[in-house]
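Student: Take this structure first; my questions come after.
4 protein chains.
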Amino acid sequence: MRKSRAEAFSDGVFAVAATLLVFSVQVPDVKTNLGHALLNLWPAYAAYAISFATIVVIWLNHHAVMDNIKAYDRTLLYLNGFLLMTIAVIPFPTFLLAKYLVAGHDDAPAAVAYGICMSLASLSFTLISLYARWRDLFVLRPNFYVFTIGQLLYPLGTVLSLVSTRLALAIYAAMVVYYGAYPLVYEARARRRGSARL
Amino acid sequence: MRKSRAEAFSDGVFAVAATLLVFSVQVPDVKTNLGHALLNLWPAYAAYAISFATIVVIWLNHHAVMDNIKAYDRTLLYLNGFLLMTIAVIPFPTFLLAKYLVAGHDDAPAAVAYGICMSLASLSFTLISLYARWRDLFVLRPNFYVFTIGQLLYPLGTVLSLVSTRLALAIYAAMVVYYGAYPLVYEARARRRGSARL
Amino acid sequence: MRKSRAEAFSDGVFAVAATLLVFSVQVPDVKTNLGHALLNLWPAYAAYAISFATIVVIWLNHHAVMDNIKAYDRTLLYLNGFLLMTIAVIPFPTFLLAKYLVAGHDDAPAAVAYGICMSLASLSFTLISLYARWRDLFVLRPNFYVFTIGQLLYPLGTVLSLVSTRLALAIYAAMVVYYGAYPLVYEARARRRGSARL
Amino acid sequence: MRKSRAEAFSDGVFAVAATLLVFSVQVPDVKTNLGHALLNLWPAYAAYAISFATIVVIWLNHHAVMDNIKAYDRTLLYLNGFLLMTIAVIPFPTFLLAKYLVAGHDDAPAAVAYGICMSLASLSFTLISLYARWRDLFVLRPNFYVFTIGQLLYPLGTVLSLVSTRLALAIYAAMVVYYGAYPLVYEARARRRGSARL
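Protein chains in written order, with numbering that gives the first Met the number 0: chain P, 0 to 197; chain D, 0 to 197; chain V, 0 to 197; chain X, 0 to 197.
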């Protein structure tokens with residue numbers, strides 16, 4: 000299996016899923032005062048931004064992991080397919096969160112659904128990582144603990160949704176910042192040591 | 000015709016069709032008890048997962064067949080276009096199945112529609128394979144019988160839908176497992192023989 | 000401008016437009032007799048198939064024209080952007096045709112809209128071809144008359160829609176067959192002369 | 000980070016966002032006189048055309064900027080992610096504008112939303128440009144003032160929407176022409192000087 004074509008399909012799914020997120024912001028159907036209706040949609044804008052940033056960050060980390068793999072076998076391709084299935088479903092809980100945060104009720108089940116999808120995405124990443132270690136497919140062994148954190152915090156957020164939706168959403172947003180910031184810190188450290196490459 | 004561009008278009012159609020499947024899970028429009036409504040959607044989640052897995056598996060097998068072809072001529076490109084037409088339509092019977100399985104009635108015609116689409120996808124694969132053999136375009140002759148099985152079982156599932164929707168769905172799910180597992184077995188055998196490449 | 004990236008964007012638009020056509024077949028919302036409702040959708044299936052085949056054929060011919068161009072300048076990229084705009088809009092008249100053919104009324108204005116979009120796609124192709132000739136950007140001069148035929152017949156179909164929708168649809172379907180068959184004939188002739196390449 | 004994969008993801012988002020714009024033209028649901036309903040949709044066609052042209056022009060300029068960058072670091076990839084987030088959201092204000100221009104009321108808030116999205120896209124471009132200058136990542140320093148103009152005129156259009164929607168739309172359309180025409184002028188000048196490359 001040439002890596003280039005597996006990447007083209009993966010990049011396609013990531014790009015389409017990210018772009019479909021725009022439907023989480025529903026065009027208001029009002030007779031008057033559209034400006035007011037647009038301001039009330041702010042939780043939908045926030046849900047869009049968090050999910051888009053999440054997909055971009057997962058895509059970058061997916062890329063970093065996959066670049067580090069010597070060769071793909073079928074099992075790895077299926078695990079990658081499972082990851083893509085969890086990415087492609089992200090618009091659904093985002094639509095849910097956007098709709099019910101705007102509606103102002105039943106946002107807890109929506110946050111649970113969001114957390115379950117993110118936990119599955121995190122799980123698929125861990126499975127890819129574990130399998131590639133087991134089969135010795137990595138060029139360089141990546142830092143395993145980084146992925147473990149998502150493995151713990153996304154399910155935690157899911158459970159906390161039942162207590163406080165806001166707390167859960169704060170955790171989901173924090174995870175994007177964490178996974179986005181980690182490589183930046185790493186890169187800054189590498190730059191100080193005289194190497195510009197990540 | 001450079002193969003790379005035909006592949007880019009094919010990969011694009013596969014990736015978009017797979018990602019559009021997310022619309023098979025419709026956002027519930029409820030005043031209360033969203034959690035309950037989300038649990039009732041389980042047949043939609045199953046339909047999403049089966050169709051996504053089907054597209055990933057067809058994409059992998061499409062890739063295996065196409066990599067094995069020396070050169071594309073126009074006829075092959077049209078047969079490939081017919082295959083893509085059957086892939087791009089998969090979201091429709093998936094939406095049907097998800098909607099009517101959740102609604103709890105008329106799931107038999109939905110399962111028939113699903114089976115017809117899958118039979119057409121299977122037929123297009125067989126036509127590509129037959130044409131490439133006839134024109135001697137294959138590098139290595141693939142195992143023909145593998146595709147013949149889909150050619151028989153998808154129409155069988157379609158007919159059985161009229162007797163039992165569950166039985167038909169079990170056949171469709173089994174086909175994904177079969178087409179997914181076959182290359183794994185093949186790969187494991189190759190690995191035992193000392194060759195790591197599929 | 001590297002050609003590869005212009006092609007990636009073009010292929011993406013073609014692939015997404017083709018895959019969005021699936022929404023021309025609307026999931027029926029019935030209480031009973033889904034089978035009957037699905038059979039009544041046959042004009043939608045036909046519209047889907049004709050538009051999908053049209054996009055595949057245009058994509059193949061687009062590829063043939065673009066492969067034959069030495070270098071892209073900005074003007075050519077804008078003309079290509081205009082072509083992509085006409086391709087990306089094809090789902091709209093297809094939705095129109097599918098809806099109003101199924102509804103059984105007002106299919107003439109839908110066929111006019113379809114014809115206008117196809118005439119614009121045909122016009123953009125002619126503009127690309129004329130510009131590339133004028134600036135001497137072609138490697139080999141393509142047969143100009145092939146494109147001229149679409150330039151005449153799509154507007155003719157548009158006008159005839161006002162007299163008979165069926166006649167217009169027959170012309171649109173014939174155009175796909177013509178543009179699809181022309182290179183096949185050409186290829187068969189080349190094969191007889193001992194060259195396998197198109 | 001290999002540039003090719005970052006470009007594939009970017010091109011995918013641009014292509015999908017452009018193609019989703021087709022949904023800004025809503026299929027009329029009428030019992031009679033579809034022709035009249037289609038003519039009344041002309042502001043939706045205009046909104047589609049302006050947004051499609053805007054995305055094509057931004058994509059071409061994005062390409063010109065990115066081709067000119069030696070190496071991507073994580074920060075640049077995040078800034079690119081922010082740009083893509085603003086591109087992927089363009090269908091939303093386009094849907095708004097199309098719907099409320101056709102409805103004939105509340106088009107001012109829609110034009111404000113459009114202007115805000117365009118201002119953010121313009122801002123993300125400026126941030127990429129500033130960062131690449133600061134880190135000395137450019138091969139050739141691009142003309143900075145070109146981007147500054149969008150930086151000023153899109154917010155101006157946004158504010159003017161509150162006074163006159165038509166004036167704001169004229170500014171948005173003029174920006175596409177400006178950003179599209181600038182490289183053409185530049186290219187024509189380069190051609191006169193004997194260099195064909197942009």
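Backbone N, C-alpha and C define an ideal beta-carbon position, used for all residues, glycine too.
Count the other C-beta atoms from every protein chain shown that fall within 10 angstroms of the C-beta of A167 (chain X), then say buried if there are 16 or more, exposed otherwise.
Tutor: By the neighbour-count rule (16 or more Cβ atoms within 10 Å), A167 (chain X) is buried.
Student: Using 8 Å as the threshold, is the stretch 31 to 44 of chain D in touch with the stretch 54 to 63 of chain D, meaning 3 or more CB pairs across them?
Tutor: No contact exists between the stretch 31 to 44 of chain D and the stretch 54 to 63 of chain D.
Student: Quick check on I89 (chain V): does DSSP put it in helix, strand or coil?
Tutor: Note: I89 (chain V) maps to coil in three-state DSSP.
Student: When the cut-off is 7 Å and only beta carbons count, does M84 (chain X) lie next to chain P?
Tutor: It does; some Cβ of chain P falls within 7 Å.
Student: Using beta carbons (cut-off 7 Å, strictly below), is I26 (chain D) in contact with chain P?
Tutor: The question names Ile, yet the displayed sequence has Val at residue 26 (chain D). At least one chain P Cβ lies under 7 Å of V26 (chain D).
Student: Count the other CB atoms within 10 Å of the CB of R73 (chain P); is the residue buried (16 or more) or exposed (fewer)?
Tutor: Burial call: buried.
Student: Count the other CB atoms within 10 Å of the CB of W58 (chain D); is the residue buried (16 or more) or exposed (fewer)?
Tutor: Buried.
Student: Hey, would you say A16 (chain P) sits closer than 7 Å to I86 (chain P), going by beta carbons?
Tutor: In contact: A16 (chain P) and I86 (chain P) (Cβ atoms closer than 7 Å).
Student: With a threshold of 16 other CB atoms inside 10 Å of the CB of T157 (chain P), please say whether the residue is buried or exposed.
Tutor: With 16 or more Cβ atoms within 10 Å of its Cβ, T157 (chain P) is classed as buried.
Student: Return the CA-CA distance between Y113 (chain X) and T93 (chain X), expressed in angstroms with no decimal places.
Tutor: When rounded, the distance between both Cα atoms is 7 Å.
Student: Using 7 Å as the limit for Cβ to Cβ distance, is V138 (chain X) near chain P?
Tutor: Chain P, which has no Cβ nearer than 7 Å to the Cβ of V138 (chain X), makes this no.
Student: At what residues does the alpha helix (DSSP H) containing V64 (chain X) begin and finish?
Tutor: First-last of the alpha helix (DSSP H) with V64 (chain X): W41 to D66.
Student: I'd like to check one pair, L20 (chain P) with P90 (chain P): are the Cβ atoms closer than 7 Å?
Tutor: Yes.
Student: Given that a residue counts as buried once 16 or more other Cβ atoms are within 10 Å of its Cβ, and exposed if not, what is T147 (chain D)?
Tutor: Classification for T147 (chain D): exposed.
Student: Hey, how far is the Cα of F13 (chain P) from the Cα of R192 (chain X)?
Tutor: So the two alpha carbons sit approximately 43 Å from each other.
Student: Beta carbons nearer than 8 Å to chain D: which residues of the stretch 181 to 195 of chain V have them?
Tutor: Here the close residues are P182, L183, E186 and A195.
Student: If I measure Cβ to Cβ from V176 (chain V) and keep anything under 8 Å in the same chain, skipping five residues before and after, which residues do I get?
Tutor: The answer is none, since no qualifying residue turns up.
Student: Less than 7 Å between the beta carbons of D66 (chain D) and G11 (chain P), yes or no?
Tutor: Result no, Cβ atoms of D66 (chain D) and G11 (chain P) do not sit closer than 7 Å.
Student: Buried or exposed for R4 (chain X), going by 16 or more other Cβ atoms inside 10 Å?
Tutor: R4 (chain X) comes out buried.
Student: Taking the alpha carbon of A173 (chain V) as the reference point, which residue from V:Y99, V:A102, V:F81 and V:I49 has its own alpha carbon closest?
Tutor: It is V:I49.
Student: If the cut is a Cβ gap below 8 Å, which residues of chain D does F13 (chain V) touch?
Tutor: Within 8 Å Cβ-Cβ: F8 and G11.
Student: Listing by chain order, which chain V residues have their CB less than 8 Å from the CB of F91 (chain D)?
Tutor: The answer, in chain order, is V21, V24 and V26.
Student: Counting only Cβ pairs nearer than 8 Å, list the residues of chain V close to D105 (chain D).
Tutor: V29, T31, N32, L33 and G34, listed in chain order.
Student: I'd like to check one pair, S121 (chain X) with Y153 (chain X): are the Cβ atoms closer than 7 Å?
Tutor: Against a cut-off of 7 Å, the Cβ pair of S121 (chain X) and Y153 (chain X) comes out as a contact.
Student: Can you confirm whether H61 (chain P), when its beta carbon is compared against all beta carbons of chain X, has any partner nearer than 7 Å?
Tutor: Closer than 7 Å: no.
Student: L33 (chain P): buried (16+ other C-beta within 10 angstroms of its C-beta) or exposed?
Tutor: With 16 or more Cβ atoms within 10 Å of its Cβ, L33 (chain P) is classed as buried.
Student: Compute the distance between the beta-carbons of S163 (chain P) and A110 (chain P), then report whether it is under 7 Å.
Tutor: For S163 (chain P) and A110 (chain P), no; Cβs fall outside 7 Å.
Student: Given Y178 (chain V), which residues of its chain have a CB within under 6 Å of its CB, disregarding the five upstream and five downstream residues?
Tutor: The residues are V56.
Student: Ordered along the chain, which non-local residues of its own chain (more than five positions away) have a Cβ less than 8 Å from that of A46 (chain P)?
Tutor: Correct list, in chain order: S23, T93, L96, A97 and L100.
Student: Could you please give me the residues that DSSP links to F22 (chain P) through a beta bridge?
Tutor: Paired residues: none, contrary to the question.
Student: Would you mind stating whether L129 (chain X) and L78 (chain X) have Cβ atoms separated by less than 7 Å?
Tutor: Result no, Cβ atoms of L129 (chain X) and L78 (chain X) do not sit closer than 7 Å.
Student: Taking P108 (chain X) as the query, report the chain P residues whose CB atoms sit under 7 Å from its CB, ordered along the chain.
Tutor: Residues of chain P passing the Cβ test: L33, G34 and L37.
Student: When you compare only the Cα positions, how much space is there between D28 (chain X) and L76 (chain D)?
Tutor: Spanning the two alpha carbons is a distance of roughly 37 Å.
Student: Between which two residues does the alpha helix (DSSP H) containing G114 (chain D) stretch?
Tutor: Segment D106 to W133, the alpha helix (DSSP H) holding G114 (chain D).
Student: Is it buried or exposed, V26 (chain P), if we count other Cβ atoms within 10 angstroms and call 16 or more buried?
Tutor: Classification of V26 (chain P): buried, given that the 10 Å Cβ count is 16 or more.
Student: With distances taken from CA atoms, which of P:T18, P:K2, P:N60 and P:H62 is nearest L82 (chain X)?
Tutor: Closest option to L82 (chain X), Cα to Cα, is P:T18.
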